[in-house]
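A.B. asks:
2 protein chains.
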Amino acid sequence: MNNRSWTTKRDEKRKKLASVQHLVKGKIIDAKNMKEALECLISSGDRVVLEGDNQKQASFLSEALNSVDPKKIHDLHMIMSSISRPDHLTLFEKGIGSKIDFSYAGPQSLRVAQMIEDGMLKMGEIHTYLELYGRLFVDLIPKVALVAAEKADEKGNLYTGSNTEETPTIIEAASFKDGIVIVQVNEIVEELPRVDIPSDWVDFVVQSPEPYQLEALFTRDPSGITELQILMGMMAIRGIYEKHNVQSLNHGIGFNTAAIELLLPTYGESLGLKGKIAKHWTLNPHPTLIPAIESGWVESIHSFGGEVGMERYTAARPDVFFTGKDGKMRSNRALCQVAGQYAVDMFVGSTLQMDYYGNSSTVTSGRLSGFGGAPNMGHNPHGRRHSTPAWLDMITTNSSMERGKKLVVQMFETYGQGNSPVFVESLDAIKVRDEADLATTPVMIYGDDVTHVVTEEGVAYLYKAEGLEERRQALSAIAGVTKLGREQSPKEMRKLRDRGLVALPEDLKVKRTEAKRSLLAAKNVRELVQWSDGLYDPPEKFKNW
Amino acid sequence: MNNRSWTTKRDEKRKKLASVQHLVKGKIIDAKNMKEALECLISSGDRVVLEGDNQKQASFLSEALNSVDPKKIHDLHMIMSSISRPDHLTLFEKGIGSKIDFSYAGPQSLRVAQMIEDGMLKMGEIHTYLELYGRLFVDLIPKVALVAAEKADEKGNLYTGSNTEETPTIIEAASFKDGIVIVQVNEIVEELPRVDIPSDWVDFVVQSPEPYQLEALFTRDPSGITELQILMGMMAIRGIYEKHNVQSLNHGIGFNTAAIELLLPTYGESLGLKGKIAKHWTLNPHPTLIPAIESGWVESIHSFGGEVGMERYTAARPDVFFTGKDGKMRSNRALCQVAGQYAVDMFVGSTLQMDYYGNSSTVTSGRLSGFGGAPNMGHNPHGRRHSTPAWLDMITTNSSMERGKKLVVQMFETYGQGNSPVFVESLDAIKVRDEADLATTPVMIYGDDVTHVVTEEGVAYLYKAEGLEERRQALSAIAGVTKLGREQSPKEMRKLRDRGLVALPEDLKVKRTEAKRSLLAAKNVRELVQWSDGLYDPPEKFKNW
Numbered sequence: 001m002n003n004r005s006w007t008t009k010r011d012e013k014r015k016k017l018a019s020v021q022h023l024v025k026g027k028i029i030d031a032k033n034m035k036e037a038l039e040c041l042i043s044s045g046d047r048v049v050l051e052g053d054n055q056k057q058a059s060f061l062s063e064a065l066n067s068v069d070p071k072k073i074h075d076l077h078m079i080m081s082s083i084s085r086p087d088h089l090t091l092f093e094k095g096i097g098s099k100i101d102f103s104y105a106g107p108q109s110l111r112v113a114q115m116i117e118d119g120m121l122k123m124g125e126i127h128t129y130l131e132l133y134g135r136l137f138v139d140l141i142p143k144v145a146l147v148a149a150e151k152a153d154e155k156g157n158l159y160t161g162s163n164t165e166e167t168p169t170i171i172e173a174a175s176f177k178d179g180i181v182i183v184q185v186n187e188i189v190e191e192l193p194r195v196d197i198p199s200d201w202v203d204f205v206v207q208s209p210e211p212y213q214l215e216a217l218f219t220r221d222p223s224g225i226t227e228l229q230i231l232m233g234m235m236a237i238r239g240i241y242e243k244h245n246v247q248s249l250n251h252g253i254g255f256n257t258a259a260i261e262l263l264l265p266t267y268g269e270s271l272g273l274k275g276k277i278a279k280h281w282t283l284n285p286h287p288t289l290i291p292a293i294e295s296g297w298v299e300s301i302h303s304f305g306g307e308v309g310m311e312r313y314t315a316a317r318p319d320v321f322f323t324g325k326d327g328k329m330r331s332n333r334a335l336c337q338v339a340g341q342y343a344v345d346m347f348v349g350s351t352l353q354m355d356y357y358g359n360s361s362t363v364t365s366g367r368l369s370g371f372g373g374a375p376n377m378g379h380n381p382h383g384r385r386h387s388t389p390a391w392l393d394m395i396t397t398n399s400s401m402e403r404g405k406k407l408v409v410q411m412f413e414t415y416g417q418g419n420s421p422v423f424v425e426s427l428d429a430i431k432v433r434d435e436a437d438l439a440t441t442p443v444m445i446y447g448d449d450v451t452h453v454v455t456e457e458g459v460a461y462l463y464k465a466e467g468l469e470e471r472r473q474a475l476s477a478i479a480g481v482t483k484l485g486r487e488q489s490p491k492e493m494r495k496l497r498d499r500g501l502v503a504l505p506e507d508l509k510v511k512r513t514e515a516k517r518s519l520l521a522a523k524n525v526r527e528l529v530q531w532s533d534g535l536y537d538p539p540e541k542f543k544n545w
Numbered sequence: 001m002n003n004r005s006w007t008t009k010r011d012e013k014r015k016k017l018a019s020v021q022h023l024v025k026g027k028i029i030d031a032k033n034m035k036e037a038l039e040c041l042i043s044s045g046d047r048v049v050l051e052g053d054n055q056k057q058a059s060f061l062s063e064a065l066n067s068v069d070p071k072k073i074h075d076l077h078m079i080m081s082s083i084s085r086p087d088h089l090t091l092f093e094k095g096i097g098s099k100i101d102f103s104y105a106g107p108q109s110l111r112v113a114q115m116i117e118d119g120m121l122k123m124g125e126i127h128t129y130l131e132l133y134g135r136l137f138v139d140l141i142p143k144v145a146l147v148a149a150e151k152a153d154e155k156g157n158l159y160t161g162s163n164t165e166e167t168p169t170i171i172e173a174a175s176f177k178d179g180i181v182i183v184q185v186n187e188i189v190e191e192l193p194r195v196d197i198p199s200d201w202v203d204f205v206v207q208s209p210e211p212y213q214l215e216a217l218f219t220r221d222p223s224g225i226t227e228l229q230i231l232m233g234m235m236a237i238r239g240i241y242e243k244h245n246v247q248s249l250n251h252g253i254g255f256n257t258a259a260i261e262l263l264l265p266t267y268g269e270s271l272g273l274k275g276k277i278a279k280h281w282t283l284n285p286h287p288t289l290i291p292a293i294e295s296g297w298v299e300s301i302h303s304f305g306g307e308v309g310m311e312r313y314t315a316a317r318p319d320v321f322f323t324g325k326d327g328k329m330r331s332n333r334a335l336c337q338v339a340g341q342y343a344v345d346m347f348v349g350s351t352l353q354m355d356y357y358g359n360s361s362t363v364t365s366g367r368l369s370g371f372g373g374a375p376n377m378g379h380n381p382h383g384r385r386h387s388t389p390a391w392l393d394m395i396t397t398n399s400s401m402e403r404g405k406k407l408v409v410q411m412f413e414t415y416g417q418g419n420s421p422v423f424v425e426s427l428d429a430i431k432v433r434d435e436a437d438l439a440t441t442p443v444m445i446y447g448d449d450v451t452h453v454v455t456e457e458g459v460a461y462l463y464k465a466e467g468l469e470e471r472r473q474a475l476s477a478i479a480g481v482t483k484l485g486r487e488q489s490p491k492e493m494r495k496l497r498d499r500g501l502v503a504l505p506e507d508l509k510v511k512r513t514e515a516k517r518s519l520l521a522a523k524n525v526r527e528l529v530q531w532s533d534g535l536y537d538p539p540e541k542f543k544n545w
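Same order as they appear, the protein sequences are chains E and D.
The C-terminal position of the first sequence is numbered 545 in the UniProt record's numbering, with every residue numbered one higher than the one before it.
The C-terminal position of the second sequence is numbered 545 in the UniProt record's numbering, with every residue numbered one higher than the one before it.
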């Protein structure tokens, strides 16, 4: 009906592939040709996904992209789930990139904010991981994907092993829309232990001079767990896990949840809860879960990604972890986020600030950190239609339209980092919104999605609160000596406790005097190794023996 | 630390695989050995996923499972995203299965309800597709997966082509947890056009005597579109798509949305909207989208699955559709649902009943249908953090915690099937909950998630309604001569229109007299074929020439 071409993307790709034939051998690019190859394969203004997961970085490709001539390639629209490496931002200083869409910018969050202020970086949007993956198939379809795998064969089949992460999702978006897929691998081998991604989806493979960067992000040394955290953990177990019959859950990163993991085989066991709660998990293989796994608490764990040092352990526990025919773990960030949103009873996380109505954010003054997966898992998914006992337990009315809720738990000490109160009248995030000219305030978890808050003072059952004022009162009751906490009168406190809106340790039969480090199933990393039967290999920095 | 085995699942799988060695050749099972093989590979009580997508059915494996001896194999816990075939339920009549977890039961919904009442079927839960996939990695991890692909090679690599659908997701859950994966294929070939699923994930392949069942679920014949539907479509385009600057969207199945698709190149064009709205889509390749695609309205479409007859057309339009290196479309139900939840501005669907507060359900008396993906896409995802113009347009306050909303649109005529009013005081779903002993009422979309309702009378902008009473009034204003509609007074109507809570055709400058079938870009299937340049091959039942 008309003469327009419907294969412009495919034709462009074909041309680009032809332009590097002198630099490649089949699908293999030699590392030393990478700069030149990128200058042929990428055009200015292209949408480029650079793999930076939470832990796993396409570090060689990131460096190679930094080495291209900004006169040849500039103003790329970069998509990175995590801005983790300094060179992720150097790209923008050089003008190779100009716009960024991302999910998380932990260690680089200060610099991100500064560069936006300086006009060096044009901000796209902050996403949860899952939103960003979704947009890769809608309005952020990539022209080029730069990703990392463990091994490849000569044909370009990929082995991603324990750290499969988001690699297949990114590749799928690019590959099936005539994008160019370039993969750095630690090793090119004749036969792969298993195929995680078929070669048909891959255009080029480069053996990186160094293995890809991998961080042990989910490892918490039990020696760092305080008795206040143990007290909070005991309250959480009694007042939430046991009370609501929580079967499946996700734990965020942090010492609070590490404490709970280490209390299950001791305190949890003493309450007779083994086999009754916390059986199914969606989280990375936390080393602090080893004692609970070994004691038979855990039926299954599906993971977003791997964890450095846990490779041999996970491989030896296939009844618990998802593993492949080669024995190694299989992770999948997109599917695990789906499970973490829709298929578990509870999310437990922490925050740097919470306002008096339960809104929380880790975006604080001058830091544009993003939230990774927390908002995705830390909200009540309105699309959920199946029920579980914990979900139904959140019902507070008997309307025929009533349904359950996901348990969204925030745990923190009333005074946080730098000894400043976590409860604040107004989130720094509001200021950051204005400074960085964001469309909305970067809130991590909204107050109306939070069902429980745990501090060292007690548990606030926010799902029972009727209206904002009551939510504020319940938070005040567990806010200690912070400004919010001082609002509380003994009479009001009594009322809140009687109505079950707040529980103090004594209400939960948790004895403060029992909250000792001796209650932890493992007190240090060495004991985790012992629990693992020598299968856990902690990174050097966690070894002090 | 203890002597328990951590490889019980792997050991059991090894034994099962060994037990069928006399029936297989490598990974290939001969169709005539299927019954015996299943009797060896499945144990009573096992959790078994049987692929029944919306359109694609593992029909041979479903029949084979029905042929096993119920004395040998009984009380299976079946997981089926869609209960579509009579033999899906015969399984339970025979006692081979006893419990079911599912998402959708369209044509079998009456029988499902009856069998539950008769105690023949133990109901698990009703899920959205995405919830069900999530649970496959948490607490519904399958022991056996019975799925369908188009082709396999001798090694067990799979080609799923246009209908990739949910196959890789199901296989991933089973395969990486030592489950057994059995795939029926239409053809075993030497070389696949492309590999969609690597052979490492597959245990057995059987060449089915008949190709797998495939239904043309998303095909709507334009000759069935009424002038009332055209009027509603015009109102939707002006009053929603244009008004809110909708860039990305999902359309459900139905004549209402088919009308909109066919109005874009005519009515939409006359409004100068081409290139401005409705550019990115998440939906199956609807034939009624062909004229909009050919006219240059559509930048991208990512699909849950394929559509019968659209194979050559999608292959010839790779700039729009996701396609593989062999040229054929690639779909992915799980990722498209993620995109449809999180990455698009708007969902437009229909319903059989809506109560006076906007709660809707397609579960009506005696029918336990489930909802497929509608609730997943038809809700406001609280985990969303990125903004778009349409999303921001839903903001009605200036609180610093305010954020946008997904547009969730319900479109229907005030009198529906059997000439009964769609607006009802109480949803039949409440009765069904009681009869089938469900934990909550099977609501498809909750009133508090619906932003717009369109009837032949006008558009109700529910996102602007403050409180339940106002929501009811806005609905009443577009409820025509139904009982709810008769509540409306002219004075109230005036007020609602002035406040922008309701728009009538004249408010939107939509002329009723222009709502003619001549406004459709294609008036019948034959014209769709013409628009497609002969690339669309409609199934026989849609051909009347």
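Think of the CB as a built atom: it goes at the ideal place given N, C-alpha and C, for glycine as much as any other residue.
From a predicted model like this one, the values you see are computed outputs, not experimental measurements.
Along chain E, in chain order, which residues have C-beta atoms closer than 8 angstroms to that of D/Q247?
C.D. replies: On the second sequence, position 247 is the one that residue 247 of chain D refers to. Correct list: D139.
A.B. asks: For E/M115, which beta-bridge partners are listed by DSSP?
C.D. replies: Position 115 of the first sequence holds residue 115 of chain E. According to DSSP, which records beta bridges pairwise, E/M115 is partnered with nothing at all.
A.B. asks: For chain E, is any of its Cβ atoms less than 8 angstroms away from the one on D/P318?
C.D. replies: In the second sequence, residue 318 of chain D corresponds to position 318, counting from 1. Cβ-Cβ to chain E under 8 angstroms: yes for D/P318.
A.B. asks: What is the DSSP secondary structure of D/G52, reduced to helix, strand or coil?
C.D. replies: Taking the second sequence and counting its residues from 1, the one referred to as residue 52 of chain D is at position 52. Of the three classes helix, strand and coil, the one that applies to D/G52 here is strand, per DSSP.
A.B. asks: With 16 as the cutoff for other CB atoms within 10 Å, does E/V481 come out buried or exposed?
C.D. replies: For this step, residue 481 of chain E is matched to residue 481 along the first sequence. Exposed, by the Cβ-count rule.
A.B. asks: For the alpha helix (DSSP H) containing E/N376, list its first residue and its last residue.
C.D. replies: The residue you call residue 376 of chain E lines up with position 376 of the first sequence. From DSSP, the alpha helix (DSSP H) with E/N376 extends over 374–377.
A.B. asks: Would you give the residue range spanned by the beta strand (DSSP E) that D/I73 belongs to?
C.D. replies: Sequence index remark: in the second sequence, residue 73 of chain D carries index 73 (1-based). Per DSSP, D/I73 belongs to no beta strand (DSSP E) and is neither H nor E.
A.B. asks: Under a CB-based cut-off of 8 angstroms, is D/I171 close to chain E?
C.D. replies: As a position in the second sequence, residue 171 of chain D is number 171, starting the count at 1. Chain E contact via Cβ: absent.
A.B. asks: Pair every Cβ in the region 405–420 of chain D with every Cβ in the region 353–369 of chain E, then say whether three or more of these pairs are closer than 8 angstroms.
C.D. replies: Too few Cβ pairs lie closer than 8 angstroms, so no.
A.B. asks: What separation, rounded to the nearest whole angstrom, lies between the Cα atoms of E/L443 and E/I395?
C.D. replies: On the first sequence, residue 443 of chain E is found 443 positions in, with the first residue counted as 1. On the first sequence, residue 395 of chain E is found 395 positions in, with the first residue counted as 1. Here residue 443 of chain E is Val; the residue named in the question, Leu, does not match the sequence. C-alpha separation (whole angstroms): 25 angstroms.
A.B. asks: At 8 angstroms on the CB atoms, spell out the chain E contacts of D/I430, in chain order.
C.D. replies: Position 430 of the second sequence, counted from the start, is the residue given in the question as residue 430 of chain D. Within 8 angstroms Cβ-Cβ: S400.
A.B. asks: If D/E187 sits next to D/Q207, beta carbons under 8 angstroms apart, how far is it from one beta carbon to the other, in whole angstroms?
C.D. replies: For the purposes of this step, residue 187 of chain D is taken as the residue at position 187 of the second sequence. For the purposes of this step, residue 207 of chain D is taken as the residue at position 207 of the second sequence. Going by Cβ atoms, the distance from D/E187 to D/Q207 rounds to 7 angstroms, so yes, they are a contact pair.
A.B. asks: Provide the residue span of the beta strand (DSSP E) that contains D/Q247, from first to last.
C.D. replies: Residue mapping note: residue 247 of chain D aligns to position 247 of the second sequence, counting from 1. No beta strand (DSSP E) contains D/Q247, which DSSP labels as neither H nor E.
A.B. asks: Using 8 angstroms as the threshold, is the C-beta distance between D/E172 and D/Y159 below it?
C.D. replies: As a working note, residue 172 of chain D is residue 172 in the second sequence. As a working note, residue 159 of chain D is residue 159 in the second sequence. No. Outside cutoff.
A.B. asks: Does the beta-carbon distance from D/G358 to D/L475 come in below 8 angstroms?
C.D. replies: Residue mapping note: residue 358 of chain D aligns to position 358 of the second sequence, counting from 1. Residue mapping note: residue 475 of chain D aligns to position 475 of the second sequence, counting from 1. Contact flag set, yes.
A.B. asks: Taking the C-alpha atoms as reference points, what is the distance between D/G272 and D/W297?
C.D. replies: To locate residue 272 of chain D, count along the second sequence from 1; it is residue 272. To locate residue 297 of chain D, count along the second sequence from 1; it is residue 297. Distance between the alpha carbons of D/G272 and D/W297: 11 angstroms.
A.B. asks: Of the residues E/I230, E/K495, E/V348, E/P539, which one's Cα is nearest the Cα of E/A522?
C.D. replies: For the purposes of this step, residue 522 of chain E is taken as the residue at position 522 of the first sequence. Answer by Cα proximity: E/I230.
A.B. asks: Apply the 10 Å Cβ neighbour rule to D/P168 and answer buried if 16 or more other Cβ atoms are within range, or exposed otherwise.
C.D. replies: Working through the second sequence from its first residue, we reach residue 168 of chain D at position 168. Flag for D/P168 reads buried.
A.B. asks: E/D449 touches chain D at which residues, Cβ-Cβ below 9 angstroms?
C.D. replies: Locating residue 449 of chain E in the first sequence gives position 449, where the first residue counts as 1. Result: H382, G383.
A.B. asks: Just list the beta strand (DSSP E) runs in the region 276–345 of chain D, keeping only unbroken ones of 3 residues or longer that don't cross its boundaries, in chain order.
C.D. replies: Here the runs fully enclosed are 280–282, 300–302.
A.B. asks: Which residues of chain E have a Cβ atom closer than 7 angstroms to the Cβ of residue 626 of chain D, listed in chain order?
C.D. replies: The requested residue 626 of chain D does not occur in the structure, where chain D is confined to residues 1 to 545.
A.B. asks: Is the CB-CB distance between E/D29 and E/F255 below 8 angstroms?
C.D. replies: Here residue 29 of chain E corresponds to residue number 29 of the first sequence, with the count starting at 1. Here residue 255 of chain E corresponds to residue number 255 of the first sequence, with the count starting at 1. The question names Asp, yet the displayed sequence has Ile at residue 29 of chain E. Not a contact, by the Cβ cut-off of 8 angstroms.
A.B. asks: Within the continuous beta strand (DSSP E) that includes E/M354, where are the two ends?
C.D. replies: Here residue 354 of chain E is taken as the residue at index 354 of the first sequence, counted from 1. E/M354 -> beta strand (DSSP E) spans 353–355.
A.B. asks: Which ranges does the beta strand (DSSP E) cover as unbroken runs of at least 3 residues, wholly within the region 117–195 of chain E, from first to last along the chain?
C.D. replies: Counting only runs of 3 or more, we get 122–126, 144–153, 180–189.
A.B. asks: Measure from the alpha carbon of E/F102 to the alpha carbon of each residue in E/V147, E/D53, E/F60, E/A64, then state which is nearest.
C.D. replies: Within the first sequence, residue 102 of chain E is the residue found at index 102, counting from 1. When only C-alpha atoms are compared, the closest one is E/D53.
A.B. asks: Against chain D, does E/I443 count as a neighbour if the rule is that its beta carbon must be under 8 angstroms from one of theirs?
C.D. replies: Sequence index remark: in the first sequence, residue 443 of chain E carries index 443 (1-based). The question names Ile, but residue 443 of chain E is Val in the sequence shown. Chain D contact via Cβ: present.
A.B. asks: Measuring only the C-alpha atoms, how far is D/A174 from D/E261?
C.D. replies: Residue numbering aside, residue 174 of chain D sits at position 174 when the second sequence is read from its first letter. Residue numbering aside, residue 261 of chain D sits at position 261 when the second sequence is read from its first letter. Taking the straight line joining both Cα atoms gives about 39 angstroms.
A.B. asks: For E/T8, is the beta carbon positioned less than 7 angstroms from some heavy atom of the ligand ZN?
C.D. replies: As far as ligands go, the structure on display features none, and thus does not contain the ligand ZN.
A.B. asks: Using the rule of at least 16 other Cβ atoms within 10 Å of the residue's Cβ for burial, across every protein chain shown, is D/K56 buried or exposed?
C.D. replies: One-based indexing of the second sequence puts residue 56 of chain D at position 56. It counts as buried.
A.B. asks: When you compare each of E/N33, E/G340, E/G106, E/S350 to D/G383 by their alpha carbons, which one comes out closest?
C.D. replies: For the purposes of this step, residue 383 of chain D is taken as the residue at position 383 of the second sequence. Among E/N33, E/G340, E/G106, E/S350, the Cα nearest to that of D/G383 belongs to E/G340.
A.B. asks: To the nearest angstrom, report how far apart D/L217 and D/H286 are at their CA atoms.
C.D. replies: By one-based count along the second sequence, residue 217 of chain D stands at place 217. By one-based count along the second sequence, residue 286 of chain D stands at place 286. Taking the straight line from one Cα to the other gives about 9 angstroms.
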